[in-house]
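Heads up, the thing below is written out as structure tokens.
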Amino acid sequence: MTAQLKKGVLELCVLVLLDKQDFYGYELIKRITDKIEISEGSVYPVLRRILKQGYCTTYLRESTEGPSRKYYHLTDEGQDYLLELKEEYEKFTQGVDSLMKEENNE
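First residue of the sequence shown? That's 1 in full-length UniProt numbering, and the numbers climb one at a time after it.
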């Protein structure tokens with residue numbers, strides 16, 4: 001899969017995970033890389049962008065394994081944005097699937 005395609009869905013993956021629970025950065029990376037091969041450094045720019053846009057907030061939580069960790073929490077605005085992205089993604093994948101099926105039928 002090309003880097004551009006992965007980059008396009010990375011924001012959606014981050015938001016989907018944050019909608020389920022709060023995560024710290026490395027934990028998010030681990031969850032995503034368990035399913036999709038991505039560069040670990042590509043997640044942090046997404047986190048900075050959605051934080052700046054108000055789609056998530058952060059807080060520090062003590063860790064038993066070292067320094068405090070910065071956790072990311074999805075805001076109400078982030079949940080609304082996630083719904084929009086999910087709808088766009090569904091339309092997009094349906095369109096691609098439709099084109100692929102047409103190709104096989106010809």
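Ideal placement from N, C-alpha and C gives every residue a C-beta, glycine not left out.
Once the 5 residues before and after residue i are set aside, which same chain residues still bring their CB inside 6 Å of it?
i	result
Ile50	Cys56
Cys13	Ile32
Tyr59	Tyr71
Glu40	Ile29
Asp19	Leu74, Leu82
Looking at residue i: is its Cβ nearer than 8 Å to the Cβ of residue j?
i	j	result
residue 120	Leu10	In the structure displayed, the chain extends from 1 to 106; residue 120 sits before or after that span and is not available.
Tyr71	Asp34	no
Ser42	Lys7	yes
Glu84	Gly54	no
How would you call residue i, buried or exposed, if buried means at least 16 neighbouring beta carbons within 10 angstroms?
i	result
Tyr44	exposed
Leu5	exposed
Phe92	exposed
residue 127	Any question about residue 127 goes unanswered here, given that the chain covers just 1 to 106.
Tyr81	buried
The alpha helix (DSSP H) that contains residue i, what's its start and end?
i	result
Thr33	25-33
Quick one: what's got a C-beta closer than 8 Å to residue i's C-beta in the same chain, skipping five residues either side?
i	result
Leu46	Strictly speaking, residue 46 in this sequence is Val, with Leu absent from that position. Correct list, in chain order: Leu10, Glu11, Val14.
Tyr24	Arg61, Arg69, Lys70, Tyr71, Tyr72
Ser63	Arg69
Closer than 7 Å by C-beta to residue i: which residues in its own chain qualify, once you throw out the five before and the five after it? Chain order, please.
i	result
Tyr89	Leu12
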